[in-house]
Amino acid sequence: MIDRRTFSTALIAGVATSLFGRSSKAQAQPAVSARNVVLVHGAYADGSCWSEVIGRLQPVGLKATAVQNPLTSLADDVAGTRRILALQDGPTVLVGHSWAGTVISEAGVDPKVSALVYVAARAPDAGEDYAALAAKFPTPPANAGLVKSGGFAQLSEEAFLKDF
Numbered sequence: 104m105i106d107r108r109t110f111s112t113a114l115i116a117g118v119a120t121s122l123f124g125r126s127s128k129a130q131a132q133p134a135v136s137a138r139n140v141v142l143v144h145g146a147y148a149d150g151s152c153w154s155e156v157i158g159r160l161q162p163v164g165l166k167a168t169a170v171q172n173p174l175t176s177l178a179d180d181v182a183g184t185r186r187i188l189a190l191q192d193g194p195t196v197l198v199g200h201s202w203a204g205t206v207i208s209e210a211g212v213d214p215k216v217s218a219l220v221y222v223a224a225r226a227p228d229a230g231e232d233y234a235a236l237a238a239k240f241p242t243p244p245a246n247a248g249l250v251k252s253g254g255f256a257q258l259s260e261e262a263f264l265k266d267f
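Just so you know, the sequence shown maps onto residues 104 to 267 in the working numbering.
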């Protein structure tokens, strides 16, 4: 398990590569530098989990925005992410952690999105079934600490601290 500073540093490196690197698609077109970064949280978290990352992106001149997804369905999370993308003023790097890998795959078809960054996340194709993809991999250890109630789930404090 990595600490928050290492996680934050690794994410900054990934975003920087996306902002200033070139993909094969970008080589066919003039490079456009993204100045916007939209950060999407995973399940069992909220937008505040990106606070340290935002604090490191803004001082270098990037507009960083965290999405506050409802975590009620994939469609709702994609809609929340699209609302934030609509507010961006140009090319945008879309970053997703954990469950948000699926969210950014769906929302990433937006023409403003210049790059997708997956942080400890699955990277399905748009429209690919999350449950079918998840079945191909071992169950994450944190799932042993799921507490379910009223159709929702959260991690126990112990599972969150140990595995998330």
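Yeah, the Cβ is synthetic: ideal placement off N, Cα and C, and Gly gets one too.
Limits of the alpha helix (DSSP H) - the one that residue i falls within
i: Thr175; result: Segment: none, Thr175 is in no alpha helix (DSSP H) and carries neither H nor E.
i: Tyr233; result: Tyr233 to Ala237
i: Pro158; result: It should be pointed out that residue 158 corresponds to Gly in this sequence rather than to Pro. Segment Ser154 to Leu160, the alpha helix (DSSP H) holding Gly158.
i: Ala262; result: Glu260 to Asp266
For residue i, the three-state DSSP class (helix, strand or coil)
i: Thr195; result: strand
i: Ser268; result: The requested residue 268 is not part of the displayed model; the chain covers only 104 to 267.
i: Leu165; result: coil
i: Pro244; result: helix
i: Trp202; result: coil
i: Ala280; result: Past the edges of the chain, shown from 104 to 267, lies residue 280, and the structure says nothing about it.
i: Ala148; result: coil
i: Leu190; result: coil
Start-to-end residues for the beta strand (DSSP E) that takes in residue i
i: Ala226; result: Per DSSP, Ala226 belongs to no beta strand (DSSP E) and is neither H nor E.
i: Ala218; result: Val216 to Val222
i: Leu142; result: Asn139 to Val143
Bridge partner(s) assigned by DSSP for residue i
i: Phe255; result: Ser252
Anticipated Cβ contact below 8 Å, residue i with residue j, distance rounded
i: Ala247; j: Ala262; result: 7 Å
i: Ala210; j: Leu197; result: 7 Å
i: Lys215; j: Thr195; result: 5 Å
i: Val206; j: Val143; result: 5 Å
i: Val141; j: Gln191; result: 7 Å
i: Ala229; j: Ser252; result: Not a contact, Cβ separation roughly 32 Å.
i: Gly204; j: Ala224; result: 3 Å
i: Arg186; j: Leu165; result: Not a contact, Cβ separation roughly 20 Å.
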